[in-house]
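Contents: one structure, followed by commentary.
Number of protein chains: 2
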Amino acid sequence: MAEREVDRSVSQTVKAQLALRDQILSGALRPGERISELQAVETTGASRTPVRMALVRLEEEGLLEAIPSGGFMVKAFSERDISDSIELRGTLEGLAARFAAERGVSARELEPLKECLAAIDELLRQVPISVDAFSSYVTLNARFHAVLTELSRSPPLIRQIDRASALPFASPSGFVMAQSALPEAQQILIIAQEHHRVVIDAIENREGARAEAVMREHARLAVRNLRLALRNRTHLDLLPALALIKTATD
Amino acid sequence: MAEREVDRSVSQTVKAQLALRDQILSGALRPGERISELQAVETTGASRTPVRMALVRLEEEGLLEAIPSGGFMVKAFSERDISDSIELRGTLEGLAARFAAERGVSARELEPLKECLAAIDELLRQVPISVDAFSSYVTLNARFHAVLTELSRSPPLIRQIDRASALPFASPSGFVMAQSALPEAQQILIIAQEHHRVVIDAIENREGARAEAVMREHARLAVRNLRLALRNRTHLDLLPALALIKTATD
DNA sequence: TCCTCCGTTAATGTATACATAACGTATTCA
DNA sequence: TGAATACGTTATGTATACATTAACGGAGGA
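Written as structure tokens, this is what we have:
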């Protein structure tokens with residue numbers, strides 16, 4: 016029963032959405048280029064109806080842009096767009112942390128967060144940090160951010176944060192892997208972990224402003240990672256959605 | 016050429032989307048109730064395909080919720096959901112104001128904002144404020160917020176603010192009309208206008224933190240309006256989307 | 001040689017037909 | 001009498017056919 020009958024159990028719409036997203040992020044579809052429905056039908060295997068549904072969802076997700084005359088094109092992002100998206104996410108996560116702190120979180124609810132913290136501490140103990148450790152960090156970091164978001168207990172806010180993190184380059188761990196080979200990498204992870212530690216402490220002590228401020232600063236770290244990665248173009252292949260970044264237009 | 020050929024010029028999808036949104040906000044469709052596609056086809060006059068597209072868009076907009084087994088239902092909002100949505104918008108507008116202040120805005124770009132300010136000043140000069148004046152205020156206020164958002168010059172942020180303001184009860188002027196008959200109304204508008212004045216001043220002087228703080232406080236005013244309106248249930252009929260507010264469940 | 005207009009082609013927007021899955025009801029068995 | 005199962009109905013998910021509109025190319029005129 017639990018076989019991987021992905022082809023049958025998952026709806027055609029979701030299948031098309033995932034396939035198209037992969038194509039967009041991998042660069043198979045160039046930014047600014049009109050997406051042909053018929054071509055998408057061929058590549059995804061789904062029919063036109065689910066393909067169109069997927070296109071609408073991807074537009075709402077922010078990866079596509081509607082063409083006035085009809086159809087969709089892949090959106091192009093400037094470096095500024097990306098750093099703004101990251102700061103936007105940081106602002107929302109800051110609000111979530113403030114909500115959690117001001118409204119109160121029980122010790123039991125804070126437990127998963129502390130577990131993430133401890134697990135990352137364990138990872139950072141080894142020097143230098145292995146590539147596997149980086150990979151584990153990405154997973155744990157994503158979990159930390161997801162749990163923290165939930166602690167806001169605010170469905171509208173959670174929804175918005177999910178939307179803001181949908182863009183791969185705006186997600187909490189978007190640029191961690193990209194600088195895994197850089198010497199600054201270890202320091203950055205240590206600082207990021209300090210942010211994690213502080214936000215937990217702030218929430219425990221119901222210090223809303225402190226919790227908010229540290230999450231904002233935490234996002235600025237991601238912006239720094241972005242800049243580092245774009246300057247040190249040695250490991251750009253690890254960057255998600257590199258193909259969407261428009262270089263020096265206007 | 017410029018006749019109101021709305022039936023032909025506007026796509027069926029948009030037509031269905033508008034019609035369904037009206038039905039939801041007017042309460043013709045009850046929260047929690049499954050939306051029948053066939054019924055929607057009859058009431059909107061569009062076919063099933065555009066109706067389904069409209070349903071997907073309304074889900075992304077936040078008015079609908081997908082049912083796991085298929086289809087959509089009208090979402091229900093708690094008072095807390097609404098106040099959180101307002102504060103969320105305020106936070107984003109605060110970020111927009113901060114961007115505008117820190118990145119700089121020319122005197123020419125600030126002009127439309129000052130024109131709104133002057134126009135609202137003119138409105139508030141008459142005492143007591145007429146219902147027409149309230150209506151004009153709503154228009155001018157919406158324009159003020161839209162222009163301010165644009166001044167951030169950040170497409171991702173503008174996009175998110177638009178999304179956050181799509182929910183009618185979270186929009187900048189959502190609860191202005193609802194308290195038009197209340198004695199506190201005039202004072203609240205005066206305070207709101209002071210906020211407008213301060214944010215312009217802060218942007219001019221490139222005081223990012225001040226611009227951000229005042230926009231947040233500005234949104235808190237809307238939360239206060241919401242509370243006022245819900246307590247004074249005399250003019251609840253002026254409230255948008257009243258039907259979506261779930262009363263005392265859990 | 002360039003611009004404009006017309007025609008053709010191909011794309012999207014729309015409608016509908018079909019299949020599958022879910023929900024409700026009725027009947028039967030314990 | 002209650003619960004469980006089976007069957008029927010209905011709604012959604014999918015596919016495809018049709019129509020309309022926009023874009024591209026070619027030809028003719030200025």
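Residue numbers (the numbering used here), protein chains in the order written: chain A, 16 to 265; chain B, 16 to 265. Where a beta carbon is used, it is the ideal one built from N, C-alpha and C, also for glycine.
Taking residue i and residue j to be in contact with their CB atoms under 8 Å, please state how far apart those CB atoms are, rounded to whole angstroms.
| i | j | result |
| --- | --- | --- |
| threonine 64 of chain B | threonine 64 of chain A | 7 Å |
| arginine 49 of chain B | glycine 77 of chain B | That belief does not hold up - the Cβ atoms of arginine 49 of chain B and glycine 77 of chain B are roughly 18 Å apart, past 8 Å. |
| leucine 256 of chain B | phenylalanine 184 of chain B | Reading off the sequence shown, one finds alanine at residue 256 of chain B, where the question assumed leucine. With a Cβ gap of about 5 Å, alanine 256 of chain B and phenylalanine 184 of chain B count as contacting. |
| glutamine 175 of chain A | leucine 103 of chain B | 6 Å |
| alanine 134 of chain A | leucine 155 of chain A | 5 Å |
For residue i, collect the residues of the same chain with a Cβ closer than 8 Å to its Cβ; drop the 5 residues on either side in sequence, then sort them by chain order.
| i | result |
| --- | --- |
| serine 26 of chain B | Pro65 |
| alanine 157 of chain A | Ser186, Pro187, Ser188 |
| glutamate 80 of chain B | Glu74, Phe87, Met88, Val89, Lys90 |
| alanine 111 of chain B | Leu163, Thr164, Leu166, Ser167, Ser169, Leu172, Ile173, Ile176, Met230 |
| valine 153 of chain B | Ser188, Val191, Met192 |
| leucine 236 of chain A | Ile203, Ile206, Ala207, His210 |
| arginine 212 of chain A | Leu132 |
| leucine 107 of chain B | Leu172, Gln175, Ile176, Ala179 |
| glutamine 141 of chain A | Ala148 |
| alanine 228 of chain B | Gly109 |
Tell me which same chain residues have a C-beta within less than 7 Å of the C-beta of residue i, skipping the five on either side of it?
| i | result |
| --- | --- |
| lysine 30 of chain A | Thr59, Ala61 |
| leucine 139 of chain A | Leu204, Ile205, Gln208 |
| proline 127 of chain A | Val162 |
| glutamine 32 of chain B | Ala69, Arg72, Leu73 |
| phenylalanine 149 of chain B | Val191, Met192, Ser195 |
| asparagine 247 of chain A | Leu197 |
| lysine 261 of chain B | Pro46, Ala91, Phe92, Ser93 |
Output yes or no for whether 8 Å exceeds the beta carbon distance between residue i and residue j.
| i | j | result |
| --- | --- | --- |
| valine 89 of chain B | leucine 125 of chain B | no |
| leucine 163 of chain B | valine 238 of chain B | no |
| glycine 109 of chain B | methionine 230 of chain B | yes |
| alanine 226 of chain B | arginine 113 of chain B | yes |
| leucine 172 of chain B | valine 120 of chain B | no |
| histidine 233 of chain B | glycine 105 of chain B | yes |
| alanine 91 of chain B | leucine 35 of chain B | no |
| proline 46 of chain A | leucine 259 of chain A | yes |
Residue i: which of the options sits nearest, CA to CA?
| i | options | result |
| --- | --- | --- |
| asparagine 136 of chain A | A:Ser151, A:Arg231, A:Thr106, A:Pro46 | The sequence as given places aspartate at residue 136 of chain A; asparagine does not occur at that position. Checking every option, the nearest Cα to that of aspartate 136 of chain A belongs to A:Ser151. |
| isoleucine 82 of chain B | B:Gln194, B:Ser51, B:Thr262, B:Arg158 | B:Ser51 |
| aspartate 96 of chain A | A:Asp216, A:Leu236, A:Leu73, A:Leu182 | A:Leu182 |
| arginine 118 of chain B | B:Asp147, B:Val153, B:Arg221, B:Ala234 | B:Arg221 |
| valine 191 of chain B | B:Glu75, B:Ser145, B:Leu53 | B:Ser145 |
| leucine 243 of chain B | B:Ile260, B:Ala200, B:Thr262, B:Ala228 | B:Ala200 |
| glutamate 94 of chain B | A:Pro170, A:Gln38, A:Leu40, A:Asp37 | A:Pro170 |
| cysteine 131 of chain A | A:Phe149, A:Arg178, A:Gln54, A:Phe159 | A:Phe159 |
| alanine 122 of chain A | A:Ser195, A:Ala193, A:Ser84, A:Glu219 | A:Glu219 |
| serine 195 of chain B | B:Asp147, B:Gln54, B:Ala55 | B:Asp147 |
| proline 143 of chain B | B:Leu197, B:Ser98, B:Lys129, B:Lys261 | B:Leu197 |
Closer than 6 Å by C-beta to residue i: which residues in its own chain qualify, once you throw out the five before and the five after it? Chain order, please.
| i | result |
| --- | --- |
| alanine 217 of chain A | Ala116, Arg225, Ala226 |
| glycine 223 of chain A | Arg113, Ala116, Glu117 |
| valine 21 of chain B | Residue placement at valine 21 of chain B is poorly supported in this model, since its pLDDT is 40, which falls under 50; the coordinates are not used for a value here. |
| serine 39 of chain B | In the sequence on display, residue 39 of chain B carries isoleucine and not serine. Excluding residues within five positions, the ones whose Cβ falls inside 6 Å are Leu78, Val89. |
| isoleucine 101 of chain B | Ala185, Ala234, Ala237, Val238 |
| aspartate 99 of chain A | none |
Does at least one heavy atom of the ligand MN sit under 7 Å from the Cβ of residue i?
| i | result |
| --- | --- |
| glycine 77 of chain B | Looking at this structure, you won't find the ligand MN or any other ligand, since it has none at all. |
Could you give the uninterrupted runs of the beta strand (DSSP E) lying entirely in the region 29 to 89 of chain A, keeping only those of 3 residues or more? The region 29 to 89 of chain A contains these whole beta strand (DSSP E) runs: 79 to 81, 87 to 89.
Extract the residue ranges of the beta strand (DSSP E) inside the region 98 to 126 of chain B, only unbroken runs of 3 or more that lie entirely within it. You should have found no qualifying run.
Scan the region 147 to 208 of chain B and note each continuous alpha helix (DSSP H) run of 4 residues or more that stays entirely inside, going in chain order. Runs found: 170 to 181.
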